[in-house]
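Protein chains: 4
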Amino acid sequence: MKPFKLAARESHEGDTLIEINSSRGTVKIGEGYCTVIAGPCAVEGREEYLDIARILADMGVHLLRGGAFKPRTSPYSFAGLGEEGLKILAEAKKITGVPVVTEVLDTRDVELVQGYVDVLQVGSRNMQNFSLLQEVGRTDKPVILKRGFAATMEEWLLAAEYIMAAGNPRVILCERGIRTFENYTRNTVDIGAVSMIKELSHLPIIVDPSHATGRWKMVRPVAKAAIAAGADGVMIEVHQCPECALSDGKQSLTLENFAVLLEDIKKLAEVEGKKI
Amino acid sequence: MKPFKLAARESHEGDTLIEINSSRGTVKIGEGYCTVIAGPCAVEGREEYLDIARILADMGVHLLRGGAFKPRTSPYSFAGLGEEGLKILAEAKKITGVPVVTEVLDTRDVELVQGYVDVLQVGSRNMQNFSLLQEVGRTDKPVILKRGFAATMEEWLLAAEYIMAAGNPRVILCERGIRTFENYTRNTVDIGAVSMIKELSHLPIIVDPSHATGRWKMVRPVAKAAIAAGADGVMIEVHQCPECALSDGKQSLTLENFAVLLEDIKKLAEVEGKKI
Amino acid sequence: MKPFKLAARESHEGDTLIEINSSRGTVKIGEGYCTVIAGPCAVEGREEYLDIARILADMGVHLLRGGAFKPRTSPYSFAGLGEEGLKILAEAKKITGVPVVTEVLDTRDVELVQGYVDVLQVGSRNMQNFSLLQEVGRTDKPVILKRGFAATMEEWLLAAEYIMAAGNPRVILCERGIRTFENYTRNTVDIGAVSMIKELSHLPIIVDPSHATGRWKMVRPVAKAAIAAGADGVMIEVHQCPECALSDGKQSLTLENFAVLLEDIKKLAEVEGKKI
Amino acid sequence: MKPFKLAARESHEGDTLIEINSSRGTVKIGEGYCTVIAGPCAVEGREEYLDIARILADMGVHLLRGGAFKPRTSPYSFAGLGEEGLKILAEAKKITGVPVVTEVLDTRDVELVQGYVDVLQVGSRNMQNFSLLQEVGRTDKPVILKRGFAATMEEWLLAAEYIMAAGNPRVILCERGIRTFENYTRNTVDIGAVSMIKELSHLPIIVDPSHATGRWKMVRPVAKAAIAAGADGVMIEVHQCPECALSDGKQSLTLENFAVLLEDIKKLAEVEGKKI
Chain W
4 MKPFKLAARE SHEGDTLIEI NSSRGTVKIG EGYCTVIAGP CAVEGREEYL
54 DIARILADMG VHLLRGGAFK PRTSPYSFAG LGEEGLKILA EAKKITGVPV
104 VTEVLDTRDV ELVQGYVDVL QVGSRNMQNF SLLQEVGRTD KPVILKRGFA
154 ATMEEWLLAA EYIMAAGNPR VILCERGIRT FENYTRNTVD IGAVSMIKEL
204 SHLPIIVDPS HATGRWKMVR PVAKAAIAAG ADGVMIEVHQ CPECALSDGK
254 QSLTLENFAV LLEDIKKLAE VEGKKI
Chain R
4 MKPFKLAARE SHEGDTLIEI NSSRGTVKIG EGYCTVIAGP CAVEGREEYL
54 DIARILADMG VHLLRGGAFK PRTSPYSFAG LGEEGLKILA EAKKITGVPV
104 VTEVLDTRDV ELVQGYVDVL QVGSRNMQNF SLLQEVGRTD KPVILKRGFA
154 ATMEEWLLAA EYIMAAGNPR VILCERGIRT FENYTRNTVD IGAVSMIKEL
204 SHLPIIVDPS HATGRWKMVR PVAKAAIAAG ADGVMIEVHQ CPECALSDGK
254 QSLTLENFAV LLEDIKKLAE VEGKKI
Chain L
4 MKPFKLAARE SHEGDTLIEI NSSRGTVKIG EGYCTVIAGP CAVEGREEYL
54 DIARILADMG VHLLRGGAFK PRTSPYSFAG LGEEGLKILA EAKKITGVPV
104 VTEVLDTRDV ELVQGYVDVL QVGSRNMQNF SLLQEVGRTD KPVILKRGFA
154 ATMEEWLLAA EYIMAAGNPR VILCERGIRT FENYTRNTVD IGAVSMIKEL
204 SHLPIIVDPS HATGRWKMVR PVAKAAIAAG ADGVMIEVHQ CPECALSDGK
254 QSLTLENFAV LLEDIKKLAE VEGKKI
Chain Y
4 MKPFKLAARE SHEGDTLIEI NSSRGTVKIG EGYCTVIAGP CAVEGREEYL
54 DIARILADMG VHLLRGGAFK PRTSPYSFAG LGEEGLKILA EAKKITGVPV
104 VTEVLDTRDV ELVQGYVDVL QVGSRNMQNF SLLQEVGRTD KPVILKRGFA
154 ATMEEWLLAA EYIMAAGNPR VILCERGIRT FENYTRNTVD IGAVSMIKEL
204 SHLPIIVDPS HATGRWKMVR PVAKAAIAAG ADGVMIEVHQ CPECALSDGK
254 QSLTLENFAV LLEDIKKLAE VEGKKI
């Protein structure tokens, strides 16, 4: 018997469909839909972020991403703009009508962050930060739960269970690559996890090919693979100028390349019978 | 600088296209084509094999697979029919006109095996059996080189280099999953390897979702992901009666499910602009 | 150039020696000493804990362990007694004169926990909980920093760097096993990390064979290996009745087996020229 | 139930003790003994090899190692002297009276190799080369079976089972490190495997810290850890001039450092009650 309950397919009739309302309409995440989340790794400044947000909104992106609190391996790296970044995200949403998602790192920041954004994200390194899971579980915001980079699918679903057991059923799983011995790429996307999770759970699952691969050239083929494998969406890093990015420039797409990918995704979504 | 030379993209103008002639025409493996290889894990008997070979040939499969020498983790498991299996493969080819591929395990068997089949396969466990690589490198048959289940892409390309340096340029790389900590699936398909290999090398790359996942339900989504990620083909285990199979029944598709997958593959190949 | 600075060997003259004062004297952790930390996985009740604390103190254990806040994979597992557990730890210390260590999981609990114990522990799952690292870095308590179960040594030292950069130089690294494909044991102890860390850093390093192996029969040989490999100490789970333990009973030693191990450790410490 | 039979502890009364006779006496490998195998990675030339063989013999080494057929990741690396190397090994044995061990890579070479040496070695990359396992299983020479760098313990014991089922009960298991995500070291020694294998099997187990770590500075601490963990011996790479070595110089000990390690090993063997 599987140790997770609320997250288990058996506990829910059909698939969970998560709806996020905004002035532009309702974004739906789950079976039957193909959701595209895009934006730069970090919110680096007001002008730049509002600029790219407008462009991405015009392209039809469903959800805007941008980090205000960044988990960095080194204490000496840029760690995000904090509350200032949150304010920029809120402004971007107001201007574009597109809902926004950002990562929260600390239990003490959950209340602050949820006041500014539509969707909370728990990052890979915090997938087993059980206090944080419970805290986002006490909010009424959907939560994108990234898979720990060395977490089994069972542990991942148990992390979702923590959020759900705390009262929040709106969990979106995000496969973002696992750590292996391979050195040519940053992480290894577990593409099989998409269908395995669909078998085990009723929760939506999306894929983040940008963090998973760490190489922009691989983002397009892996994003396409994700849709073909049955994922409910993708999360893509896009930057006006990847080589100027304060973090993760190597894996960010230019706007031109993102436009090409978006066309690919639309074609595949059609083949798969998914609304986009 | 990369340590492989003949396998490196720089050493070859354009992509390598491998052609296999048979009475039915020429099978092409490489960029621009989508090749489907199918058949049971092992050749278990003459009647059964000829039967499924005919059906698969009628469905349009490009290459028939079937193990005559099986590498088994336990010395007490069914290890294949040996030369009798090779004869059945040759007969299937004669009847259907579809070329056949089989694995060779021992340097001493290379001459025997190449007398019966069109394509040689080196399995995951033998990817660094350097004597075997050199021996198949001395034949004039195309070689499907499966990635070692814990091999880096660099080691994999160096294994291809062994075959090429021995005189055989016709190597087809096959991603078949790597070993990770995950227990719900047998192995983890490294979908990103498809595009990374395309960047590094001019050799064709295909994906084996059957061995990679170990679960038949995952074969369809992962095979589709492979095509969307840019793979030049897929290798699929199909069995008339998966639950009766002497090996790997859990991962084999029924003929009905394979037919469904084949339709999916055709649609995706069209989207990708690949001939099938 | 290595990305860590304060943790790097070059930044410190000789090895860091951490001293913890108590009514019994001063416990020293670092090169030249062999420190034994022992106790049950979790503080399960006042009577039981005080009982085992007295016995372990009499045996000469240098530091008592016991979890008050337990990070559990499932939200439905016993998660510790919380502040009540902290009070029991403080009482055990008062009675025995042996300093105590416990894990802290949430930034909001750091102040509370440090009021009761002598040494703070950051667990494997929180090794990259950067907020927590900074928070324990602002205390004046030594911190046992467990290696993330899939963390590279570089990431581990960067996690130590977070604590040190926040103002706390007293970090004790603890190898507790990494996740691999092996299923017979829970994790795989990276015994080579002991000497590699000694080469890279001036910080003390200890080994936790109990969590690393998950099997009590392996605790003795792996603990001995740790001392022979140059570790500055070991952390051992001991329980009066392993089969009654609320968590991790399978890996806990009985008091009898712990006594045997302690004799082994003393002999090896002597061979290694370490004070115990 | 475990899938291996002949290798299983239950199938044998007590531990297997393997005896190798030579003009100097009988070398014993198994419980109660601490066997030291040493020599350069490859036999690079007659003079050099005989020279180091004499020195190692004088130091009391029980078995001399040296590769004549070397499995190299690249086809362009030095692959050993072949039969010439075997002749040098045989001469070294004749002069020193110390038995010799070398790796065999190809089923076709087994007969040749066994004519020259006392112990055959199957390397990590060939642990699941089942034809080779069967072929060495048909000889009457003891076989050192290295663990595949990504093999589970169960697969390792099943590989031993192949040799035993073919008629050769004299298998010596050798842990040589597994592949993980860590990049500071070449492989990660699974020190816990020593005791786990002792629990599962009656076969002797030794450790090769040279290949496992890839760094000579780590060889001493890891070799010591192996003895403390209960290993029946160690296999150490020693070279007169590590920086001139044609292969694996970075992990080879100088004769001076090997002498220091040998003293350590003797002390630990004494503590462990093992004959050396």
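Residue numbers (this note's numbering), protein chains in the order written: chain W, 4 to 279; chain R, 4 to 279; chain L, 4 to 279; chain Y, 4 to 279. Ideal placement from N, C-alpha and C gives every residue a C-beta, glycine not left out.
Contact residues within the stretch 173-185 of chain Y, judged by C-beta distance below 7 Å to chain W: ARG182, THR183 and PHE184
Which listed residue (L:LEU135, L:GLU47, L:ARG182 and L:GLU51) has its alpha carbon closest to that of LEU84 (chain L): Closest option to LEU84 (chain L), Cα to Cα, is L:GLU47.
Candidates Y:LEU206, Y:LYS270 and Y:GLU185, of which the one nearest GLY217 (chain Y) by Cα: Y:GLU185
In DSSP terms, what ASP193 (chain L) is bridged to: Y:ASP193
Minimum Cβ-Cβ distance from THR216 (chain Y) to chain L less than 8 Å: yes
Limits of the beta strand (DSSP E) - the one that LYS5 (chain Y) falls within: Careful: LYS5 (chain Y) lies outside any beta strand (DSSP E) and carries neither H nor E.
Chain Y contact for TYR187 (chain R) (CB, 8 Å cutoff): no
Three-state secondary structure (DSSP) of LYS144 (chain Y): In this structure, LYS144 (chain Y) counts as coil in the three-state DSSP scheme.
beta-carbon ARG141 (chain R) near the ligand MN non-hydrogen atom, thresh 7 Å: For the ligand MN, the structure offers nothing, since it holds no ligand at all.
Within chain R, partners of VAL192 (chain W) - CB distance below 8 Å: In chain order: ASP193, ILE194 and GLY195.
Cutoff 8 Å: ALA45 (chain L) Cβ touching any chain W Cβ: False, the Cβ-Cβ gap to chain W never drops below 8 Å.
For ASN24 (chain L): DSSP bridge partner residues: L:THR29
DSSP state of TYR36 (chain L) mapped onto helix, strand, coil: Strand.
CB contact below 8 Å: THR155 (chain Y) versus chain L: yes
As assigned by DSSP and simplified to three states, the class of GLY217 (chain L): When secondary structure is reduced to three states using DSSP, GLY217 (chain L) falls in the coil class, being assigned neither helix nor strand.
Below-8 Å beta-carbon distance, SER198 (chain Y) vs any chain L residue: With its beta carbon less than 8 Å from one in chain L, SER198 (chain Y) belongs to the interface.
Check whether SER134 (chain R) and LEU108 (chain Y) have beta carbons under 8 Å apart: In this structure, LEU108 (chain Y) lies closer than 8 Å to SER134 (chain R) by Cβ.
Within-8 Å CB hit, GLU51 (chain R) to chain Y: no
Contacting residues, own chain, Cβ-Cβ under 8 Å from ILE58 (chain W) (five flanking each side not counted): LEU258
Residues bridged to LYS253 (chain L) [DSSP beta-bridge criterion]: Paired residue(s): none; LYS253 (chain L) is not in a bridge.
Contacts of THR76 (chain R) in chain Y (Cβ-Cβ under 7 Å): GLU158 and LEU161
Min CB distance TYR165 (chain L) to chain W below 8 Å: yes
Under 8 Å between C-beta atoms of ALA234 (chain R) and VAL263 (chain R): no
Best match in Y:GLN131, Y:VAL192 and Y:ALA95 for proximity to ALA162 (chain Y) [C-alpha to C-alpha]: Y:GLN131
Distance between ALA71 (chain Y) and GLY195 (chain Y) (C-alpha atoms, nearest Å): 31 Å
Segment limits, alpha helix (DSSP H) that includes THR105 (chain L): Note, THR105 (chain L): premise wrong, no alpha helix (DSSP H); beta strand (DSSP E) at 103-106.
Outcome for ILE230 (chain L) when other beta-carbon atoms lying within 10 angstroms are tallied against a minimum of 16: buried
Proximity test, Cβ basis, 8 Å: MET221 (chain W) and chain R: It does: the Cβ of MET221 (chain W) has a partner Cβ on chain R nearer than 8 Å.
Three-way DSSP call (helix, strand, coil) for GLU259 (chain W) in this model: helix
Burial state of ARG173 (chain W), where buried means 16 or more other Cβ atoms lie within 10 Å: Classification of ARG173 (chain W): buried, given that the 10 Å Cβ count is 16 or more.
Beta-carbon proximity check, LEU66 (chain Y) vs VAL30 (chain Y), cutoff 8 Å: yes
Cβ-Cβ separation, GLY236 (chain L) to ILE32 (chain L) (assumed contact under 8 Å), whole Å: About 6 Å separates the CB atoms of ILE32 (chain L) and GLY236 (chain L); that is less than 8 Å, so the two are in contact.
Candidates W:ASP143, W:GLN124 and W:THR142: closest to LYS149 (chain W) by CA position: W:GLN124
Segment contact, 8 Å Cβ cut-off, at least three pairs: the stretch 33-47 of chain W with the stretch 238-248 of chain W: yes
Cα-Cα separation between GLY180 (chain R) and THR188 (chain R), rounded to whole angstroms: 10 Å
Within chain A, the residues that LEU108 (chain L) reaches when beta carbons sit closer than 9 Å: No chain A appears in the structure shown, which is made up of the protein chains W, R, L and Y.
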